Amino acid sequence: MIVIKFILITVLLYIFLQDFKDREVYWFLFPIVGILTGFLHFNEVLREVFLLTLIYNILFVLFIFMLTLLYIKLKLKEKFSHVFGYGDLLFFIAITFSFSTFSFIVLFVMSLIFSLSLHIILKNKSSHSSVPLAGYMSLFFLSTYLAYWMGIVDSLYRI
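Once you know that position 103 of the sequence shown is 567 in the numbering used here, the rest is easy, because the numbers rise by one and skip nothing.
Structure follows, in structure tokens:
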């Protein structure tokens with residue numbers, strides 16, 4: 465289990481560094497995140513609970529994605545790829561495997577608030593105008609997992 469956690473920490477950190485520096489992330493890192501977080505989640509709950517929460521989490525991400533797509537098309541009148549990175553979408557999908565539905569929704573929203581706050585603080589230090597959303601979110605989820613593994617957070621899976 466320690467190896468899984470170490471690999472997850474490494475991959476999430478690498479996503480953050482790569483996205484922050486280059487605004488590009490290797491696509492194969494996202495399935496690794498999904499598999500590792502899914503494995504950790506699966507080992508904490510019953511199989512039926514895991515599958516049900518996975519369905520709910522996917523539906524939640526699909527709902528958020530559709531709202532974002534509608535906003536981009538109707539309000540911004542831009543191409544999707546000019547506003548929202550495909551890596552961000554892949555990260556959204558990857559983390560659907562990670563937590564129980566209530567925890568997932570709370571952490572997802574908190575990660576977006578964290579990302580916005582961090583971007584406001586760091587935007588003057590970057591030459592890019594875009595937001596490294598997958599990178600910021602990976603940093604947030606990395607911190608969340610570390611807090612859980614160190615006993616600071618009681619449970620990520622049973623809410």
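Cβ atoms here follow ideal geometry from the backbone N, Cα and C, with glycine treated the same way.
Small disclaimer: the values here were computed from a predicted structure and weren't measured.
Pick from Leu526, Ile473, Arg511, Ser590: whose alpha carbon is nearest that of Ser564?
-> Taking the sequence shown and counting its residues from 1, the one referred to as residue 564 is at position 100. The option with the nearest alpha carbon to Ser564 is Arg511.
Would you say the stretch 548-555 touches the stretch 477-496, given that touching needs at least three Cβ pairs under 8 Å?
-> yes
From this set, Phe529, Thr501, Leu531, which residue's C-alpha is nearest Leu518's C-alpha?
-> In the sequence shown, counting from the first residue as 1, residue 518 sits at position 54. Among Phe529, Thr501, Leu531, the Cα nearest to that of Leu518 belongs to Thr501.
8 Å Cβ cutoff met for Ser567 and Leu620 = The residue labelled residue 567 in the question sits at position 103 within the sequence shown. The residue labelled residue 620 in the question sits at position 156 within the sequence shown. Yes, Cβ-Cβ distance for Ser567 and Leu620 is below 8 Å.
Below 8 Å between beta carbons: does that hold for Ile473 and Leu504?
-> Here residue 473 corresponds to residue number 9 of the sequence shown, with the count starting at 1. Here residue 504 corresponds to residue number 40 of the sequence shown, with the count starting at 1. Contact: no.
Could you have a look at Trp613 and say whether DSSP puts it in helix, strand or coil?
-> The count along the sequence shown starts at 1 and reaches residue 613 at position 149. Trp613 falls in the helix class under three-state DSSP.
When DSSP labels each residue in this structure, what does Tyr550 get in the three-state scheme?
-> Here residue 550 refers to the residue found at position 86 when the sequence shown is read from its first residue. Three-state DSSP puts Tyr550 in a helix.
Expressed to the nearest angstrom, what Euclidean distance is found between the alpha-carbon atoms of Met465 and Gly498?
-> Taking the first residue of the sequence shown as 1, we reach residue 465 at position 1. Taking the first residue of the sequence shown as 1, we reach residue 498 at position 34. Computed Cα separation, rounded: 16 Å.
Please state whether DSSP places Glu512 in a helix, a strand or coil.
-> For the purposes of this step, residue 512 is taken as residue 48 along the sequence shown, with counting starting at 1. The answer is helix: DSSP assigns Glu512 an H, G or I state.
Sort Ile471, Arg622, Phe470, Asp483 by Cα distance to Ser579 and report the nearest one.
-> Working through the sequence shown from its first residue, we reach residue 579 at position 115. If we check each option's Cα against that of Ser579, Asp483 comes out closest.
May I have the straight-line CA-CA distance separating Lys485 from Thr560, to the nearest angstrom?
-> To locate residue 485, count along the sequence shown from 1; it is residue 21. To locate residue 560, count along the sequence shown from 1; it is residue 96. The alpha-carbon atoms of Lys485 and Thr560 are separated by roughly 25 Å.
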